[in-house]
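Written below as structure tokens is the structure these notes are about.
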Amino acid sequence: MMNFNIMSQAQPIFTKTKLYGLDPDLDYCDESTGQIYGGDELMEAGYYDSVMKRDFTSEVKYLIAL
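Numbering (the numbering used here), first residue to last: 895 to 960.
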């Protein structure tokens, strides 16, 4: 999953990204944090995007199916 930010805001809002096409019965591990999420959770509730505090910033999240 890729997120990017062109211009930062003084008071950013929290956003969520809902993922589609995952297996709802599998768990997924965020490779950078080790946090485990359910496939159904990622598809229905979504994943909170990181607040990026600098201009022209991007990040890549790798989710591994367990």
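Even glycine gets a Cβ: it sits at the ideal position worked out from N, Cα and C.
Quick caveat, the model's predicted, so the values are computed rather than measured.
Tell me the rounded alpha-carbon separation between residue i and residue j.
i	j	result
L920	M937	12 Å
Please list, in chain order, all residues of the same chain as residue i whose beta carbon is under 6 Å from its beta carbon, the five residues on each side excluded.
i	result
K910	G940, Y942
N897	D943, E953
Might you give, ordered along the chain, the residues of its own chain that have their beta carbon closer than 8 Å to the beta carbon of residue i, omitting 5 neighbours on each side?
i	result
D949	N899, I900, M901, S902
L960	L920, D921, Y922, C923, I930
T951	F898, N899, S902
S926	K955, Y956
F908	Y942, D943, V945
Would residue i be called buried (16 or more neighbouring beta carbons within 10 Å of its own) or exposed?
i	result
L957	buried
G933	buried
Would you kindly check if the distance between the Cβ of residue j and the Cβ of residue i is under 9 Å?
i	j	result
P906	K947	yes
Only counting the same chain, and skipping five residues up and downstream in sequence, which positions put a Cβ closer than 7 Å to that of residue i?
i	result
F912	A small correction: the amino acid at residue 912 is Lys; Phe does not occupy that position in the sequence shown. Contacts found: M937, G940.
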